[in-house]
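S.K.: Quick one: structure below, then a few questions.
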Amino acid sequence: MAILELQSVSMDYGGVKALSEVNLTVAPGEWLAIMGPSGSGKTTLMNIIGCLDQATSGRVFLDAEEISQLSRRQLTAIRRDRIGLIFQQFHLVSHLTALENVMLAQYYHSLPDQDEAMAALERVGLGGRYRHLPGQLSGGEQQRVCIARALINCPDLILADEPTGNLDQANEEIVLAILRQLHQAGGTIVMVTHALEVGQEANRIIQLEHGRVTEGKRHRHHT
Amino acid sequence: MFFRLVWGGIARRRWRALLTLFTMLLGVSLATAILNVMLDVGDKFNRELRTYGANLRVVPRSAAFLADFYGLEEGEGVTDKYLREDELPRLKTIFWAYNIVDFAPLLTTPVVLEGVDQPVTAVGTWFNQTLSLPTGDTVTTGVQGLKSWWSLKGAWPGEAASDPAGVALGESLARRLRLSPGESLVLTGQDGVRRTLPVTGVFLAGGREDGQIYVPLALAQAMAGKTGLVEEVEVSALTTPENDLARRAAQSPASLSAKEWETWYCTAYISSIAYQIEEVLTDARAKPVLAVAEAEGKILGKVELLLTLLAILALVASALALANLVTAGVMERRVEIGILKAIGAGDLGVISLVVAEVLLAGGVGGGLGYLLGIGLSDLIGQSVFGASISPHPAVIPLVLVLVFLVSVVGTLPAIRLLLRLNPREVLHGR
Chain G
-8 MAILELQSVS MDYGGVKALS EVNLTVAPGE WLAIMGPSGS GKTTLMNIIG CLDQATSGRV
52 FLDAEEISQL SRRQLTAIRR DRIGLIFQQF HLVSHLTALE NVMLAQYYHS LPDQDEAMAA
112 LERVGLGGRY RHLPGQLSGG EQQRVCIARA LINCPDLILA DEPTGNLDQA NEEIVLAILR
172 QLHQAGGTIV MVTHALEVGQ EANRIIQLEH GRVTEGKRHR HHT
Chain Y
7 MFFRLVWGGI ARRRWRALLT LFTMLLGVSL ATAILNVMLD VGDKFNRELR TYGANLRVVP
67 RSAAFLADFY GLEEGEGVTD KYLREDELPR LKTIFWAYNI VDFAPLLTTP VVLEGVDQPV
127 TAVGTWFNQT LSLPTGDTVT TGVQGLKSWW SLKGAWPGEA ASDPAGVALG ESLARRLRLS
187 PGESLVLTGQ DGVRRTLPVT GVFLAGGRED GQIYVPLALA QAMAGKTGLV EEVEVSALTT
247 PENDLARRAA QSPASLSAKE WETWYCTAYI SSIAYQIEEV LTDARAKPVL AVAEAEGKIL
307 GKVELLLTLL AILALVASAL ALANLVTAGV MERRVEIGIL KAIGAGDLGV ISLVVAEVLL
367 AGGVGGGLGY LLGIGLSDLI GQSVFGASIS PHPAVIPLVL VLVFLVSVVG TLPAIRLLLR
427 LNPREVLHGR
């Protein structure tokens, strides 16, 4: 059974079609890369999958539960409980330390657990920098804090929007290694990227052009 | 974590938090000062008005009846009833004794002045009399306090009957007699005794008193042959503005229910003070000078309304300034709020965060504003009434409620913005 399924999803922004009749299925444990040029609808698709937006038409299922008609409050609950978001701009709260940024996701999910948050930071190699504010961390380190925050509540689905878009080669490799590790542990990842070498890390790549899926191909499997 | 988020938000935007604090401080200090003044203004204003004369006249009951119904006054051959001087200290033993600010007995008697054809009215009274009360306390009262707005050149006469220190002349009479303080005059009373008395002072009252002679009460009693008696007593009392209950009671205290009667009796209405005076003086009728009492009540009501409006305006101004500050703060932090919403914060979660920040900064500002307001109200009291205004305990809960209300009202536009804020738009910079 698919963990994520989109049926004929379209998105219309005041007459401009951002997505048109998109059909997509993601299996549990799959790593999917969504690629395409700027304006192809990648971010719109991510927003719909990440419950940050609702499609104009079509149906979206998360673990067989239809989420396309849910209220704003219900979508917030799904984001909180079942989805981990990784942003290109990291989007950490600037006045909270690395540890507190991770605990923030716990706070809105259930209860903050410092040991658990510390372990999450250690998993991304930042155990020694837990007291640092985002401004005191490099871009790669901030992205790793963002990943730790996305993973802390054990989400069903990880959505990564250009996770290496703002990183240098060395940090890109570190972040990809973490994603690889996560995938090997059975995590389901949907990733938007415009970089082919990053996209090739995924099991499957789909191409978007003018809001339509134009190509889908199987790539390699991490075992 | 919640506190960490709140504190982090405040610490990171210290200037905005300080502005919030300052806005609240200004609004609350003004509101506190105004509320303190308002709650105290009744007493202060009343006390101030009391320096402009009596608001109660106490006369013998029969004289009052005849005067009320037939327009007849003493001396017209109808009544010669008097009040007893030795009972007057009882005025300071009534339930509202402390509200009796000053009182002075009056006894008029015609006298003949040497070199003047027409008899002149001599008014016997207390000028600055120290009384021993039945309670063992002493109190000083008389014309000096009761008519404090009269302008006096020289001094008031002494009080001793055996050794009268002199007389005070009304300004027009002194001008007619060409007398100044320090000179003497010769007068003959109804007892036929010719007395030479020093003029201790000349006063300007602005009324018929300017053509009269004010003498110590004992001297007037001796001249009139009415030892121990007075015609009337002028009383200046601090009162509460009249209301329906007071007006009904003034008509007939017997018409009140037991509970209403108790409320009326235990409130410093002019009618209840008059009633209590009648209880302690034999055969006396205490008549409120209604024009004065009602004017005082109206002025006080208007002053209180004005102060209330000022307090509301101060708080509305604070709420508006706060609304601008908080809204601008939310605009500045929209990405941070977008992040919180994206990772699962509900509307209530982010609203409570912003409200808590405002309440914290506003609470500190409100606390400081309260202290500043106390100082401000004291300053107003000193400069306007010449007396300090002590902090009123009722202002504390009022200020707490006002701080909460201003904080919440000031946050409403920001809350509206928060509810509309879509994480999708802020996280992707749209």
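Just so you know, the protein sequences line up as chains G and Y, in that order.
The first sequence runs -8 to 214 under our numbering.
The second sequence runs 7 to 436 under our numbering.
Here a beta-carbon is modelled for each residue, glycine too, at the ideal position from N, C-alpha and C.
All of these numbers come straight from a predicted model, not from anything done at the bench.
Quick one: complete beta strand (DSSP E) runs, 3+ long, within the region 160 to 234 of chain Y?
M.R.: Runs of the beta strand (DSSP E) inside the region 160 to 234 of chain Y: 173 to 176, 190 to 194, 200 to 210 and 219 to 222.
S.K.: Tell me the residue span of the alpha helix (DSSP H) that contains residue 280(Y).
M.R.: By one-based count along the second sequence, residue 280(Y) stands at place 274. From DSSP, the alpha helix (DSSP H) with residue 280(Y) extends over 276 to 286.
S.K.: Can you pull the chain G residues whose beta carbon is under 7 angstroms from the beta carbon of residue 351(Y), in chain order?
M.R.: Locating residue 351(Y) in the second sequence gives position 345, counting from the first residue. Result: 99.
S.K.: Kindly indicate if chain G contains any beta-carbon less than 8 angstroms away from that of residue 311(Y).
M.R.: Against the second sequence, residue 311(Y) aligns to sequence position 305. No - not a single Cβ of chain G is within 8 angstroms of the one on residue 311(Y).
S.K.: In its own chain, which residues sit with a C-beta less than 7 angstroms from the C-beta of residue 90(Y), not counting the 5 before and 5 after it?
M.R.: Against the second sequence, residue 90(Y) aligns to sequence position 84. Cβ neighbours of residue 90(Y) beyond the five flanking positions: 234, 235 and 288.
S.K.: From 177(G), 161(G), 62(G) and 84(G), pick the residue whose C-alpha is nearest to that of residue 10(Y); which is it?
M.R.: As a working mapping, residue 10(Y) is identified with position 4 in the second sequence. The shortest Cα separation from residue 10(Y) among 177(G), 161(G), 62(G) and 84(G) belongs to 84(G).
S.K.: Could you tell me the distance, in whole angstroms, from the CA atom of residue 18(Y) to the CA atom of residue 243(Y)?
M.R.: Taking the second sequence and counting its residues from 1, one reaches residue 18(Y) at position 12. Taking the second sequence and counting its residues from 1, one reaches residue 243(Y) at position 237. Distance between the alpha carbons of residue 18(Y) and residue 243(Y) is about 59 angstroms.
S.K.: Please go through the same chain and pick out, in chain order, the residues whose beta-carbon is closer than 7 angstroms to the beta-carbon of residue 71(G), but skip the five residues on each side of it.
M.R.: Locating residue 71(G) in the first sequence gives position 80, counting from the first residue. Same-chain partners within the cutoff: 99 and 100.
S.K.: Can you tell me the Cα-Cα spacing of residue 419(Y) and residue 329(Y), whole angstroms?
M.R.: To locate residue 419(Y), count along the second sequence from 1; it is residue 413. To locate residue 329(Y), count along the second sequence from 1; it is residue 323. Using only the alpha carbons, I get a separation of about 6 angstroms.
S.K.: How many Å lie between residue 193(Y) and residue 219(Y) at the Cα?
M.R.: Within the second sequence, residue 193(Y) is the residue found at index 187, counting from 1. Within the second sequence, residue 219(Y) is the residue found at index 213, counting from 1. When rounded, the distance between both Cα atoms is 10 angstroms.
S.K.: If residue 26(G) sits next to residue 202(G), beta carbons under 8 angstroms apart, how far is it from one beta carbon to the other, in whole angstroms?
M.R.: The residue labelled residue 26(G) in the question sits at position 35 within the first sequence. The residue labelled residue 202(G) in the question sits at position 211 within the first sequence. Residue 26(G) to residue 202(G), Cβ: 14 angstroms. No contact.
S.K.: In the DSSP assignment, find the beta strand (DSSP E) that holds residue 52(G) and state where it starts and stops.
M.R.: Walking along the first sequence from the start, residue 52(G) turns up at place 61. Per DSSP, residue 52(G) belongs to the beta strand (DSSP E) from 48 to 53.
S.K.: Looking at the structure shown, is residue 399(Y) part of a helix, part of a strand, or coil, going by DSSP?
M.R.: Against the second sequence, residue 399(Y) aligns to sequence position 393. The answer is coil: DSSP assigns residue 399(Y) none of H, G, I, E or B.
S.K.: Using a Cβ-Cβ cut-off of less than 8 angstroms, list which residues of the region 15 to 27 of chain Y approach chain G; keep chain order.
M.R.: Correct list: 15, 17 and 18.
S.K.: Identify the continuous beta strand (DSSP E) that holds residue 195(G) and give its terminal residues.
M.R.: Your numbering for residue 195(G) matches position 204 in the first sequence. Element bounds for residue 195(G): 195 to 200.
S.K.: Note down the Cα distance separating residue 201(Y) from residue 190(Y), rounded to an integer number of angstroms.
M.R.: Walking along the second sequence from the start, residue 201(Y) turns up at place 195. Walking along the second sequence from the start, residue 190(Y) turns up at place 184. Cα to Cα, residue 201(Y) sits roughly 10 angstroms from residue 190(Y).
S.K.: Confirm, please, whether the CB-CB distance from residue 76(G) to residue 112(G) is below 8 angstroms.
M.R.: Translated into positions along the first sequence, residue 112(G) becomes position 121. Translated into positions along the first sequence, residue 76(G) becomes position 85. No.
S.K.: Tell me whether the region 368 to 379 of chain Y and the region 31 to 42 of chain Y touch, counting them as touching only if at least three CB pairs, one residue from each stretch, are closer than 8 angstroms.
M.R.: Touching, yes, given that three or more Cβ pairs across the two stretches are closer than 8 angstroms.
S.K.: Taking the alpha-carbon positions, what's the residue 106(Y) to residue 98(Y) distance?
M.R.: Locating residue 106(Y) in the second sequence gives position 100, counting from the first residue. Locating residue 98(Y) in the second sequence gives position 92, counting from the first residue. If I take the Cα positions, the gap works out to 7 angstroms.
S.K.: Hey, residue 144(Y) and residue 129(Y): beta-carbon distance below 8 angstroms or not?
M.R.: By one-based count along the second sequence, residue 144(Y) stands at place 138. By one-based count along the second sequence, residue 129(Y) stands at place 123. In this structure, residue 129(Y) does not lie closer than 8 angstroms to residue 144(Y) by Cβ.
S.K.: Touch check for the region 172 to 188 of chain G and the region 152 to 162 of chain G: three-plus C-beta pairs under 8 angstroms?
M.R.: These segments touch.
S.K.: Distance check for residue 25(Y) and residue 100(Y), CA to CA, integer angstroms please.
M.R.: On the second sequence, position 94 is the one that residue 100(Y) refers to. On the second sequence, position 19 is the one that residue 25(Y) refers to. Using only the alpha carbons, I get a separation of about 54 angstroms.
S.K.: Of all the CB atoms in chain G, is at least one closer than 8 angstroms to the CB of residue 443(Y)?
M.R.: Chain Y is shown from 7 up to 436; residue 443(Y) falls before or after that span and cannot be answered.
S.K.: Based on DSSP bridge pairs, tell me the residues matched to residue -2(G).
M.R.: As a first step, residue -2(G) must be located in the first sequence, where it is residue number 7. According to DSSP, which records beta bridges pairwise, residue -2(G) is partnered with 50(G).
S.K.: Between the C-alpha atoms of residue 352(Y) and residue 324(Y), what's the straight-line distance to the nearest angstrom?
M.R.: Residue 352(Y) sits at position 346 when you count from the first residue of the second sequence. Residue 324(Y) sits at position 318 when you count from the first residue of the second sequence. Cα to Cα, the separation comes out at about 29 angstroms.
S.K.: For the alpha helix (DSSP H) that residue 34(G) lies in, which residues bound it at each end?
M.R.: Along the first sequence, read from residue 1 onward, the residue named residue 34(G) stands at position 43. Run containing residue 34(G): 33 to 40, per the alpha helix (DSSP H) assignment.
S.K.: Among 372(Y), 103(Y) and 177(Y), which residue has its Cα nearest to the Cα of residue 27(Y)?
M.R.: For the purposes of this step, residue 27(Y) is taken as the residue at position 21 of the second sequence. Residue 27(Y) has its Cα closest to that of 372(Y), out of 372(Y), 103(Y) and 177(Y).
S.K.: Of all Cβ atoms in chain Y, is any one closer than 8 angstroms to the Cβ of residue 148(G)?
M.R.: Counting from one through the first sequence, the residue named residue 148(G) turns up at place 157. No, no contact with chain Y.
S.K.: Take residue 362(Y) and list the residues in its own chain whose beta-carbon comes closer than 7 angstroms to its own, dropping the five residues that flank it on each side.
M.R.: Within the second sequence, the letter at position 356 stands for residue 362(Y). Answer for residue 362(Y): 12, listed in chain order.
S.K.: Got a sec: is the Cβ-Cβ distance from residue 357(Y) to anything in chain G below 8 angstroms?
M.R.: On the second sequence, residue 357(Y) is found 351 positions in, with the first residue counted as 1. Closer than 8 angstroms: no.
S.K.: Looking only at DSSP bridge pairs, what is residue 248(Y) linked to?
M.R.: Within the second sequence, residue 248(Y) is the residue found at index 242, counting from 1. Its beta-bridge partners do not exist; DSSP assigns none.
S.K.: Rounded to whole angstroms, what is the Cα-Cα separation between residue 117(G) and residue 136(G)?
M.R.: Within the first sequence, the letter at position 126 stands for residue 117(G). Within the first sequence, the letter at position 145 stands for residue 136(G). C-alpha separation (whole angstroms): 8 angstroms.
S.K.: Alpha carbon to alpha carbon, what distance is there between residue 383(Y) and residue 424(Y)?
M.R.: For the purposes of this step, residue 424(Y) is taken as residue 418 along the second sequence, with counting starting at 1. For the purposes of this step, residue 383(Y) is taken as residue 377 along the second sequence, with counting starting at 1. Roughly 39 angstroms between the two C-alpha positions.
S.K.: Quick one: what's got a C-beta closer than 7 angstroms to residue 0(G)'s C-beta in the same chain, skipping five residues either side?
M.R.: Locating residue 0(G) in the first sequence gives position 9, counting from the first residue. The answer, listed in chain order, is 10, 13, 39, 46, 49 and 51.
S.K.: Going by other Cβ atoms of all chains shown within 10 Å of its Cβ, with 16 needed for buried, is residue 88(Y) buried or exposed?
M.R.: As a first step, residue 88(Y) must be located in the second sequence, where it is residue number 82. Buried, by the Cβ-count rule.
S.K.: DSSP three-state call for residue 4(G): helix, strand or coil?
M.R.: In the first sequence, residue 4(G) corresponds to position 13, counting from 1. Strand.
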